[in-house]
Every structure is written in structure tokens, then in C-alpha cells.
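The next block holds one structure in the form of C-alpha cells; read it before the comments.
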Amino acid sequence: MDRIPILKLGGALIVTIQVDMHDRLALALEEDLTAMIARTGARGVLIEISALEIVDSFIGRMLVSIAAVSRVLDAETVVVGMRPAVAITLVELGLELTGIKTALNVERGMSLIQARLLEDDEGHGSHRDDFED
Amino acid sequence: MSMDGAEVLSRTVTQDEAAILEAWLASLREGASLQSGRIREAELQTQAKTVFGQLREALEGGLDADGGSFAPLRETLGEISRSRAIQGFTPTDTANFIFALKEPIFESLRRTAGSDASDLAAGIVAVGKMLDRLGLHTMEVFLASREEVIGRQGQEIAELSTPVVRLWDGILALPLIGTLDSARTGVVMENLLQAIVDEEAEIAIIDITGVPTVDTLVAQHLLKTVAAARLMGADCIVSGIRPQIAQTMVHLGVELNVVSKATLADAFAVALKQTGRKVVRQQAAPTVERR
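Here the protein sequences come in this chain order: A and U.
With the first letter of the first sequence counted as 1, position 55 gets the number 86 in this note's numbering; the numbers rise by one all the way through.
With the first letter of the second sequence counted as 1, position 15 gets the number 221 in this note's numbering; the numbers rise by one all the way through.
Structure below.
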């Protein structure tokens, strides 16, 4: 069974879905991604779905649960490149993916993640200063 | 021995074909449809000849204008009135095409029946019934075609009335005018989402100044649009909620959980701010004292 590759770029993980998602593939992705976040300590996950043409309620729910699992592991999920037809379908299905960040394309999605990483670094920096003082 | 209406009619129409057709054409020529220049005489003649030929054949199978023998005739008449509806003929013109046939046939019946009054009466009743039925059929097709035209126009208006305009790089505005029903929301949503992709927009302003009423259904449609735009990675601002509508919404318990601004200008200012821009006056205001 083929799997969707997960790329690591700095503190972020990038997943591009370029095949039709079927249920087992989605489950495998959730598993792989969780393991990868735990291993690399990534702080952001970018899922690119511009090639995804067909979604059903299961895939929608998978996205939500991937985001929820990532959040537990302190990584933020950004879904980018959703097609208009897919967006309409998800809304009609009642899946508004609340809690997931979205962006129009990879560039904007990455800048969202970068902003978070930067914020966290500053946060950590000040904490460390607190400890030293 | 007297005959029934169908036989009388069939006989008359076959025997007196030339005379009836001639009289019918003369009457059609006087009619308004030719005067208005919407149709040429030659075309009218061809139509009349086709219809008359089919009528003669149909009569051989009986008098029932809804029956099988009349099917080709009904088809031809339907075609004619459909094309007239599209060309903009009046209903009178269209109906007169078939009703103008009455008089020539009556005339011919009188000639052929001679002194036999019962034949004449039977024939006239039969013709009246049949032609009335055919006339009604013509009108039905005429109206159906008109309604089709109106429906198509309505659809075109719906598409035209949902323009997505680009206010600035990455800022779109969607001025909505008219009532939002689910069919229109679909069109609006598709247009907006496609525009977000095309313009790489970050912010979409939905202006509802032109929406007369906002009830729970409209609010739900708005929220759907906003949610779909968010999924594409664009933020939405709703603007132009009029005071009465705001009151109604609150009284109805309708909640729009989105950023909303009173006017399009306010919303635009917010959008500029969110995208890291600012509008600055190049010169100080000349005379007005500001306090």
C-alpha cells in the first residue's frame, strides 16, 4: 500500500496530497504524521490539498482529527490550496473545519507557520531570560 | 341522409381545399402579424399550407383534436407558436393564425352543404370545437415558451447581479443586491471562491446594503459563504447591515459570528489594516479646522 510522503522543512512538516484520498490512505497519513511530529518535534504542519478534487465526510473528519492530534503534540495545522468546489462541499456537509488554519497557497501557509515559530522562539527566549534572572 | 360532423368536414376540406386555403391566406395577410413585418408572406404561406395539409390528413382519422391522427398537426402548430413567442408576436397574432381558418371553412361548408341545414349545423359545430382546441393548444405552447424565456432571463439576472469586484490587491468586495435564496447563494459562493483563487485574495468584503431582509435562512446562507471562503484561506467581513435589519436580526435571535462593519468604507479600512496598509492624506486638509 502506498503512503503519502511527509517532508520536513525547518520546524515544519509538509504534506502534499496528490492522489485521490481513500479512507485507508487517510488513516495511514494520520498515523505517519503523528509519529513524525513526535520524532522531529515539529511545530507546524502544512497540508496542501490543491490536487484533491473529491472529498467526503470521512476525509473532512480526518483533516479535523489530524489537526486535533497535532495540536495535542503542540503543532499547528494549516490546510492550504483548497479548491472552491471542495470548500463548498465541506460547508454543505457541515464540516467547517473550525480550529484549523487555512491559507490560499503554500507561500501564505508557510508564512503563517513561520510567524508561529518566530513567536514561540521569542516566547522561549523571554522565558529563559526569566529563569536566568 | 344526414352525415355526422367529421364526414361533412372531411368532405368539405378535401373538395374545397383550394378555395379555403385561398380565403385563409387572404385573412392572414390582413392580420397584424404580417403588417408588423415580423414574418414574410412567403413564410406565412408555407406555414399555412403545411398546417392545412396536415389538417386534411388528421381529419381522416376523426375529429378528436387530442387524438393520435392530430399529433403531427399539433407538433407543427407547437413549433410555429414557439418560434412566434421567441420572435415577440402578440398572443392575439399567434392565436389568430389558427382562428382565421374558421371563417373560410364555415363559408365552404355553406357552399357544399347546399340546402341541407342539419349537415351544415353538424359541420359548423365540429369545426368550432376542433379549431378551438387547436387554438388553445397554440396558446399553451406560446405561454410555455414565454415562460421559458422569462426563466432564462431570471437566471441571467441572478448571475449578473452577483459581481465580485477587486478593491485592492488581495481585497475583494461582493456587493449583494436582492434577496438571497439558496439557488443564488450557490452562484454567489461559486463566484466568490473562484475570484478568491484568481485574485489570490486574503480578504473578502460581503456588502449586504442591497439585501432587503435578513431572516434566519439568509443569515445561514451568509454564514455558509463565509465558512467556505475561510476554508479557502480568505477572511470575510460583512458590511452594510442597515439599522432596521440589525434590529430585526437581534429580535429574531439571528447571530452572525463574523466581523461586521456598518459601511463598506469601514470594512475596507479594516481590510487595509489587516493586510498591513494604510491610507494617508498627502496634504493637510486645506481649510477645515479640526478639533
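C-beta atoms are modelled at their ideal positions from N, C-alpha and C, and glycine is treated no differently.
Nothing here was measured: the structure is a model prediction, and the numbers come from that model.
Rounded straight-line distance, which links the Cα of L380/U to that of V529/U
Nothing in the structure corresponds to residue 529/U, since chain U is present only between 207 and 497.
Ignore the nearest five residues each way along the sequence and tell me which others in D51/A's own chain have a CB closer than 7 Å to its CB.
I85
Beta-carbon separation (whole angstroms), V370/U vs A401/U, contact threshold 8 Å
4 Å
Take V100/A as the anchor and find which of V76/A, F89/A, L56/A and L126/A has the nearest alpha-carbon.
Ranking the options by Cα distance to V100/A, first place goes to V76/A.
So L40/A packs on L64/A, CB below 8 Å; how close in whole Å?
Contact flag wrong, Cβ pair sits at about 14 Å.
For Q260/U, does the count of other Cβ atoms within 10 angstroms reach 16, so buried, or fall short, so exposed?
buried
Step through the CB atoms of chain A and report whether any lies within less than 8 Å of the CB of A433/U.
yes
So what does DSSP say about A452/U, is it helix, strand or coil?
helix
Report the neighbours of A98/A on chain U: residues whose CB is nearer than 9 Å to its CB, in chain order.
Per Cβ cutoff of 9 Å: no residues; A98/A is ~13 Å from chain U at best.
Minimum C-alpha distance to T419/U - residue among Q450/U, P310/U and L315/U:
Out of Q450/U, P310/U and L315/U, Q450/U has the C-alpha closest to the C-alpha of T419/U.
Against chain U, does T47/A count as a neighbour if the rule is that its beta carbon must be under 8 Å from one of theirs?
Using beta-carbon distances, T47/A does not count as an interface residue toward chain U, since no partner is under 8 Å.
Determine the direct distance from the alpha carbon of I304/U to that of R288/U, and round the result to whole angstroms.
14 Å
Consider the Cβ of I90/A: report whether some Cβ of chain U lies at a distance smaller than 8 Å.
Answer no: the Cβ-Cβ gap between I90/A and chain U never drops below 8 Å.
Under a three-way DSSP split, which group does L215/U fall into?
Helix, per DSSP.
Going along the chain, which residues of the segment 399-419 of chain U sit with their C-beta nearer than 8 Å to a C-beta in chain A?
L399, Q400, I402, V403, E406, A407 and E408
Just how far apart, CA to CA, sit V347/U and M336/U?
17 Å
Per DSSP, G446/U forms a beta bridge with which residues?
Note: G446/U sits in no beta bridge, so no partner.
E365/U in three-state terms, based on DSSP
In the structure shown, E365/U falls within a helical segment according to DSSP collapsed to helix, strand and coil.
Alpha helix (DSSP H) segment containing G392/U, residue limits:
S388 to E405
Got a sec? Which residues, its chain only, sit under 6 Å from F258/U by beta carbon, not counting five neighbours each side?
L227
Using alpha carbons as the reference points, say which of S314/U, M345/U and A328/U lies closest to T296/U.
M345/U
Any beta carbon of chain U sitting closer than 8 Å to that of V86/A?
no
Beta-carbon within less than 6 Å of D164/A's beta-carbon, same chain only, minus the 5 sequence neighbours each way: which residues are those?
Bear in mind that a pLDDT of 42 at D164/A, under 50, signals an unreliable position, so the model cannot answer this.
To which residues does DSSP link R358/U through a beta bridge?
Note: R358/U sits in no beta bridge, so no partner.
Nearest to A425/U (by Cα), restricted to the options L462/U, A468/U and G237/U
L462/U
Any residues in the segment 122-136 of chain A with a beta carbon nearer than 8 Å to a beta carbon of chain B? Which ones, in chain order?
This model lacks chain B altogether, as its protein chains are A and U.
Indicate the three-state DSSP secondary structure (helix, strand or coil) for I286/U in the structure shown.
Collapsing the DSSP output to three states places I286/U in a helix.
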